[in-house]
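Enquirer: Numbering (the UniProt record's numbering), first residue to last: 1 to 152.
Okay, handing you the structure first.
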Amino acid sequence: MPDYIRWLRQQVGQAPVFLNFAGACVLHHDQVLLQRRSDDGCWGLPGGALELGESAEEAAVREVAEETGLEVQVDGLLGVYTKYRHVYPNGDVTQPITVFFRCSVSGGQLTEGGSETQELRFFALSALPPLGHQQHTDALEDLRAGRTGVYR
């Protein structure tokens, strides 16, 4: 958990808060990279919380590197997803504001074994596993439909 979120939770407890996240739809050979997260065991797009002073684009690139070992370049904005509610296993409640980018691999090596990742795999857009968060499902539906600049 980033220091800012830890500090915020000390102030408000488990009360609902807005949190800012960035994620990446990493495309490679007509497939998208998904991550099975260690915290909840669910499949989703790589990404995470913005650090103070960081742009959403910078956060997406950093999170992909940290969680997958890949270097990516951002090819464009997929969308901004804001209408969701998430309750963490410890009871913390958030309304995440997530900015998803379309990205392509520019370097690095796909590496599993980080503390946040159980498994990494590229999937065809037509054969995705069930995802753990609705905003990830919606983002991938928008990607499949060719929509960009989406806001929900």
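All residues carry an ideal CB built from backbone N, CA and C; glycine is no exception.
1. Distance cutoff 8 Å, beta carbons only. Does L45 sit that close to anything in chain B?
2. So which of L128, E63, Q118 and K83 has the shortest CA-CA distance to D30?
3. Are the Cβ atoms of L27 and S104 separated by less than 8 Å?
4. Just to confirm my understanding: we take T111, look at its own chain, exclude 5 residues before and 5 after, and list those with CB closer than 6 Å. What are they?
5. Just checking my contact of A49 with N90 at CB under 8 Å: how many whole Å lie between their CB atoms?
6. Which residues in the same chain as Q118 place their Cβ atom closer than 6 Å to its Cβ, once the five residues preceding and following it in sequence are excluded?
7. Could you tell me which residues DSSP pairs with G47 in its beta bridges?
8. Using three-state DSSP, classify H136 as helix, strand or coil.
9. If contact is defined by three or more beta carbon pairs under 8 Å, each pair taking one atom from either stretch, is the segment 54-72 in contact with the segment 121-138?
10. Taking Cβ to Cβ, would you say G114 is nearer than 8 Å to E54?
11. Buried or exposed: where does V32 fall if 16 or more other Cβ atoms within 10 Å of its Cβ makes it buried?
12. Buried or exposed: V12, going by 16 or more other Cβ atoms within 10 Å of its Cβ?
Expert: Reading off the structure:
1. You won't find chain B in this structure, because it holds only one protein chain.
2. Answer by Cα proximity: L128.
3. yes
4. G69
5. Incorrect: roughly 15 Å between the Cβ atoms, too far for contact.
6. R36 and S38
7. In the DSSP output, where bridge partners are listed per residue, G47 has G23.
8. helix
9. The segment 121-138, when compared against the segment 54-72, does not touch it at the 8 Å Cβ threshold.
10. no
11. buried
12. exposed
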